[in-house]
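Every letter in the sequence shown is one number past the one before it in the UniProt record's numbering, and letter 10, counting from 1, is 10. One structure is given below, encoded as structure tokens.
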Amino acid sequence: METINTTDTHEQRLFILQCLRKKEHSTHELRAKGIYYPPARIKELRDKGYVIDTFYRDETDSSGLVHRVGVYVLHENEVSQKS
1 METINTTDTH EQRLFILQCL RKKEHSTHEL RAKGIYYPPA RIKELRDKGY
51 VIDTFYRDET DSSGLVHRVG VYVLHENEVS QKS
């Protein structure tokens, strides 16, 4: 699994974009890849003009607990960068 090992927010945003260009990712999946608080980075990307939708699904963690988590989908062809 591809992971990131920096707390630099710019690098984390780039990493999230790279992940979302491949497929949708949940908060849980992004945390497992090294993004401590994905919702903050997603908000920053949206503030920069990226079109990212959120929907919710249930995911089971390693201890067997089910959580309702956000799942992020990037709409690359609809990116409207703010100036």
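Beta carbons are placed, not taken as given, at the ideal position from N, Cα and C, and that holds for glycine. These numbers were taken from a predicted model, which means no experiment stands behind them.
A distance of 8 Å or more separates the beta carbons of glutamate 59 and histidine 25. Distance between histidine 10 and histidine 75, taken at the CA atoms: about 20 Å. Assignment of aspartate 53 by DSSP, reduced to helix, strand and coil, places it in the strand class. Histidine 75 sits in coil when the DSSP states are folded into three classes, being neither helix nor strand.
Straight-line spacing of the CA atoms in lysine 22 and tyrosine 72 works out to 12 Å. By the Cβ neighbour-count rule, proline 38 is buried, with 16 or more other Cβ atoms within 10 Å of its own. Under the DSSP assignment, threonine 6 falls outside any alpha helix (DSSP H); it carries neither an H nor an E label. Per DSSP, the continuous alpha helix (DSSP H) segment holding lysine 43 begins and ends at 38 to 47.
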